[in-house]
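So the sequence shown is numbered by our numbering: it starts at 130 and just counts up by one.
Below is one structure, written out as structure tokens; the observations come after it.
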Amino acid sequence: MKLVETVAALKSEIDAAKASGRTVVFVPTMGALHEGHLSLLEEANLVQDAFVVMSIFVNPTQFGKGEDFARYPRTLASDTEALSTLPNPPAVLFVPAVEEVYAAGTDAPLKPRAGALGSVFEGAARPGHFEGMLHIVSWFFEVIKPEVAVFGAKDAQQLFLIKRMILREFNDSIEIIEANTVREDDYLARSSRNRFLTELGRSFAPVIFATLIQVQERITEGELPSVVIAEASSPLDCPPLAKLDYLALVDKSNFSPISDGFSGEAQLLVAVVVDGVRLIDNITFYIQEPA
Ligand code: PAF
130 MKLVETVAAL KSEIDAAKAS GRTVVFVPTM GALHEGHLSL LEEANLVQDA FVVMSIFVNP
190 TQFGKGEDFA RYPRTLASDT EALSTLPNPP AVLFVPAVEE VYAAGTDAPL KPRAGALGSV
250 FEGAARPGHF EGMLHIVSWF FEVIKPEVAV FGAKDAQQLF LIKRMILREF NDSIEIIEAN
310 TVREDDYLAR SSRNRFLTEL GRSFAPVIFA TLIQVQERIT EGELPSVVIA EASSPLDCPP
370 LAKLDYLALV DKSNFSPISD GFSGEAQLLV AVVVDGVRLI DNITFYIQEP A
């Protein structure tokens, strides 16, 4: 594994790999690596002749004012150590400085825009988050020019926006591998932020996934989604420990909220702030036409 900090050094590694017929597979991360990230890497390594480029970059523009940019865990030494002891580490670990990425400063305009989807669900709670996220992902795509990129299914709205960006801005030229969410033994989705949960918060957190499964079961048994969602919301909303932000069903094909009577592939999204830690999760399931 080669640690690379500049675009120039990265490009020369990638040019050499492409010249020898390798397929460039990109795995973006913000570090503080856990099992979830390692599963992205495993997916990347399954691509034939993969030349895997992993990035670690805590992107300032996707954190809003008052968000946890300053306290976001930065664990480069242990991340590098963990990666280098793997049987299949990435070929390149790209760790650019903020100045390398944002030569014009972090206040310069961001593109592409997230549009209306940038201000609902995660975007409503985190204004500007998706503009910053799309900006950095498109910057990486321009620099790395990957054939394939791997993203986790846990960040459903991020994944939807990235797929749309690839269609709109990259001529559908990058294949996305969607990696399943990795969970703890009690099914809490792995996240770099879980380390900030208090003992009480951690003991509450598994209720989130349990609720998703319960909602799925009731809806697939034929109950009305609106009724099920309303009833399932209250156990997730118990301040001061936990504050439910949203529990919502969207049409997976366009990320629009669905109403009773919808049939097709649905995504059930949830965000709960537990002890000040924002936890998100989702599941996908099929809703049959009413009998
Ligand atoms: O999902 C993340 O970790 C980040 O949003 C990403 C895709 C690495 C962009 O900074």
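We treat Cβ as the ideally placed atom computed from N, Cα and C, and that holds for glycine.
Residues of its chain near residue i, where Cβ-Cβ distance is below 7 angstroms and the 5 sequence neighbours each way are ignored
i	result
Ala282	Leu288, Glu307, Ala308, Asn309 and Thr310
Ser184	Pro157, Thr158, Phe223 and Phe269
Ile348	Pro354, Val357 and Ile416
Lys292	Ile305
Lys381	Glu394, Ala395, Gln396 and Thr413
Given residue i as reference, the closest of the options once Cα atoms are compared
i	options	result
Thr204	Phe186, Asp197, Gly193 and Asn217	Phe186
Ala245	Asn300, Pro386, Glu394 and Phe333	Pro386
Ile143	Phe269, Ile409 and Ser321	Phe269
Leu169	Gln177, Thr340 and Pro157	Pro157
Cys367	Val402, Asn174, Gln343 and Asn188	Val402
Lys147	Gly165, Phe192 and Pro275	Pro275
Leu353	Ala318, Glu418, Leu290 and Ile412	Glu418
Ser149	Phe198, Pro256 and Ala179	Ala179
Val279	Glu260, Asn411, Glu304 and Glu298	Glu304
Glu84	Gly261, Val406 and Ala237	Since the first and last residues shown for the chain are 130 and 420, residue 84 lies out of range.
Glu350	Phe414, Lys381 and Asp301	Phe414
Asp301	Val277, Ala211 and Glu313	Val277
Leu397	Met130, Ser362 and Ala420	Ser362
Met130	Arg347, Ser141, Ile412 and Val181	Val181
Val154	Phe384, Thr209, Ala220 and Arg319	Ala220
Glu346	Asp380, Ile412 and Phe391	Ile412
Arg319	Asp208, Leu408 and Glu360	Leu408
Asp208	Asn174, Arg200, Tyr231 and His166	His166
Ile342	Leu290, Pro225 and Asp410	Asp410
Gly390	Ala233, Phe384, Leu290 and Ala420	Ala420
Other residues of its chain near residue i: CB distance less than 6 angstroms, five sequence neighbours each side excluded
i	result
Asp315	Pro335
Gly330	Val403 and Asp404
Val272	Val136
Asp284	none
Leu317	Ala334 and Pro335
Leu139	Val133 and Phe223
Glu298	Pro241
Proximal residues to residue i (C-beta, below 8 angstroms), its chain only, five neighbours per side dropped
i	result
Gly195	none
Leu365	Val336, Ile337, Thr340, Ala371, Leu373, Leu376, Val399 and Val401
Val227	Pro189 and Thr235
Ile358	Val344, Leu376, Ala377 and Leu378
Met294	Pro241, Leu263, Val266 and Ser267
Glu229	Glu134, Thr135 and Val136
Phe198	Val187, Pro189 and Phe192
Pro202	Gly160, Ala161, Ser321 and Arg324
Gly252	Ala243, Leu246, His258, Phe259 and Gln286
Thr152	Val176, Gln177, Asp178, Ala179, Phe180, Glu276 and Val277
Pro256	Gly193 and Ser248
Ala237	Tyr231
Check: residue i C-beta below 7 angstroms from any heavy atom of ligand 2
i	result
Leu239	No copy of ligand 2 occurs in the structure displayed; its ligands are ligand 1 alone.
**OP:** Pull every residue with its beta-carbon under 5 angstroms away from any heavy atom of ligand 1, and keep them in chain order.
**Re:** Pro157, Met159, Asn188, Met262 and Ile265
Subject >> Continuous beta strand (DSSP E) assignments of at least 3 residues falling wholly in the segment 288 to 364 >> reply: 304 to 308
Original post:
Which residue spans inside the segment 166 to 222 form an unbroken alpha helix (DSSP H) run of at least 4?
Top reply: 205 to 213
**OP:** Pair every Cβ in the segment 170 to 185 with every Cβ in the segment 213 to 223, then say whether three or more of these pairs are closer than 8 angstroms.
**Re:** yes
Subject >> Inter-stretch contact (C-beta, 8 angstroms, three-pair minimum) for the segment 239 to 254 and the segment 151 to 165 >> reply: no
**OP:** Any chance you could list the alpha helix (DSSP H) runs of at least 4 consecutive residues sitting entirely within the segment 213 to 284, in chain order?
**Re:** 227 to 230, 251 to 254 and 258 to 273
Original post:
Which runs of the beta strand (DSSP E) spanning at least 3 residues fall entirely within the segment 133 to 160, listed in chain order?
Top reply: 152 to 158
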